[in-house]
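Numbering (my numbering), first residue to last: -8 to 302.
Okay, structure coming up:
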């Protein structure tokens, strides 16, 4: 291979690898920006990573038909990734049945974790928690799944009306869910199975970086359950990811009105206040956490750091 061609090949491979990593981190806008940075050489729409990045960006803007078209193709070696992306977009667009049809295609072969998780989500979107749970059986018992998958297991259990299983899954999840699960007041908010489907969809959209869609789903759900702490928390997390720190703090304060004993929610509030430039409010929040929970090391470290930065 000529030196110039080798250099171009290496550059493209590095770009594709970096973009794929950004997609794994649910940063499709940053992934697409890598392809658009070099305007001298147009990127082929059949470049698989580019197609997925384009589709996810269009989906994040609500352009579901265009997003579907971007990945409605077969690229050798990427059939499964394209099908899963397309199925997820179908679910966001309110077409879970079409998503299931895509995932059942014989060309995909044996279902891997991404297919199983997407299939489970499609069933949750159709308010079929039992089918959603069955879809995940090949992954093993719920208690053995990674912490990152436990929020989804909690929502399936919520749809099944199994409050104990909801709490157990939340306890296996990362903060703040693991702390919320230990609050005596939380089970009172886990009695309505109708909440499971919208919460599962909103969480998926948040987790994949579709923050606008997640917020739209949450606003609809909050009309029915205006003071539900999990909805308010997820709303705050979306706003935080979008850099709207004042709105994040307001949503967390709403959640704290419902669950005032949560140190994890108050820690999130303090970090949002700090990120928004309101150091005095953040100091007050950190002090309140330490006063109520003297052994909360994260709050102690954050308070010490903030004092140090302020001199």
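Even for Gly, the Cβ is constructed at its ideal location relative to N, Cα and C.
Exercise for the section: Grab me the residues of residue 6's own chain with a C-beta within less than 6 Å of its C-beta, minus the 5 sequence neighbours each way, in chain order. Expected result: 25
Exercise for the section: Give the secondary structure of residue -4 by DSSP, where H, G and I count as helix, E and B as strand, and everything else as coil. Expected result: In this predicted model, residue -4 has a pLDDT of only 49, less than 50, meaning its place in the structure is not dependable; the value taken from the coordinates is given anyway. It is helical.
Handout entry: residue 136 (DSSP reduced to helix, strand or coil)
Key = coil
Handout entry: Range of the contiguous alpha helix (DSSP H) that encloses residue 41
Key = 39 to 51
Problem - Secondary structure of residue 117, DSSP reduced to three states - result: coil
Exercise for the section: Assign residue 11 to one of three DSSP states: helix, strand, or coil. Expected result: helix
Exercise for the section: Kindly indicate the opening and closing residues of the alpha helix (DSSP H) around residue 59. Expected result: 55 to 62
Practice task
Excluding the 5 residues preceding and the 5 following residue 17 in the sequence, name in chain order all residues of the same chain whose CB lies nearer than 6 Å to its CB.
Solution key: 199, 200
Exercise for the section: Buried or exposed for residue 75, please, with buried defined as at least 16 other CB atoms from any protein chain shown within 10 angstroms of its CB. Expected result: buried
Exercise for the section: Give me the Cβ distance between residue 149 and residue 124, rounded to the nearest whole Å; I'm assuming they're in contact under 8 Å. Expected result: 11 Å between Cβ atoms; not a contact.
Exercise for the section: Please report how far the alpha carbon of residue 174 lies from the alpha carbon of residue 112, in whole angstroms. Expected result: 27 Å
Handout entry: Sequence-distant residues of its chain with Cβ nearer than 6 Å to residue -8 (five each side left out)
Key = Here residue -8 scores only 46 on pLDDT, less than 50, and its place in the model should not be relied on; the value that follows carries that caveat. Correct list: empty, nothing qualifies.
Problem - Beta-carbon gap between residue 230 and residue 222 smaller than 8 Å - result: no
Exercise for the section: State the CB to CB distance for the pair residue 20 and residue 48, rounded to an integer number of angstroms; the pair is presumed to be in contact (CB under 8 Å). Expected result: 6 Å
Exercise for the section: If I'm right that residue 42 touches residue 93 with Cβ under 8 Å, what's the distance once you round it to whole angstroms? Expected result: Wrong, their Cβ atoms sit about 15 Å apart, outside the cutoff.
Exercise for the section: With a cut-off of 8 Å on the beta carbons, I'd call residue 191 and residue 115 a contact; round off their distance for me. Expected result: 4 Å
Problem - Inter-residue Cα distance where the pair is residue 254 and residue 170 - result: 8 Å
Exercise for the section: With DSSP as the reference, label residue 173 as helix, strand or coil. Expected result: coil
Handout entry: Pairwise C-alpha distance: residue 126 and residue 275
Key = 46 Å
Practice task
Rounded to whole angstroms, what's the CA-CA distance from residue 64 to residue 195? Just pull it up for me.
Solution key: 24 Å
Exercise for the section: Ignore the nearest five residues each way along the sequence and tell me which others in residue 261's own chain have a CB closer than 6 Å to its CB. Expected result: 273, 276, 277
Practice task
In the DSSP assignment, find the alpha helix (DSSP H) that holds residue 258 and state where it starts and stops.
Solution key: 254 to 266
Practice task
Report yes if the CB atom of residue 218 is closer than 8 Å to the CB atom of residue 249, and no otherwise.
Solution key: yes
Handout entry: Neighbourhood of residue 99 by C-beta, 7 Å cutoff - its chain only, sequence neighbours within 5 removed
Key = 70, 71, 74, 106
Exercise for the section: Inspect the beta-carbon positions of residue 256 and residue 167 and report whether they are closer than 8 Å. Expected result: yes
Exercise for the section: Could you tell me the distance, in whole angstroms, from the CA atom of residue -6 to the CA atom of residue 3? Expected result: With a pLDDT of 48 at residue -6, under the threshold of 50, the predicted position of this residue should be treated as unreliable, and no value is reported.
Practice task
Please look up how many angstroms separate the CB atoms of residue 145 and residue 134, rounded, as I've assumed it's under 8 Å.
Solution key: That pair is no contact at about 12 Å.
Problem - Three-state class that DSSP yields for residue 298 in the structure shown - result: helix
Handout entry: Per-residue DSSP class, three states only, for residue 80
Key = helix
Handout entry: residue -4 burial status per 10 Å Cβ neighbour count (16 or more: buried)
Key = Per-residue confidence for residue -4 stands at a pLDDT of 49, beneath the threshold of 50, marking its modelled position as unreliable; the derived number appears in the next sentence. So residue -4 ends up on the exposed side.
Problem - Simplified DSSP state of residue 67, which is helix, strand or coil - result: coil
Handout entry: Neighbourhood of residue 281 by C-beta distance below 8 Å, restricted to the same chain and skipping five residues each side
Key = 287, 290, 291, 294
Problem - Contact set for residue 141: own chain, Cβ-Cβ below 6 Å, skip 5 residues either direction - result: 160, 163, 164
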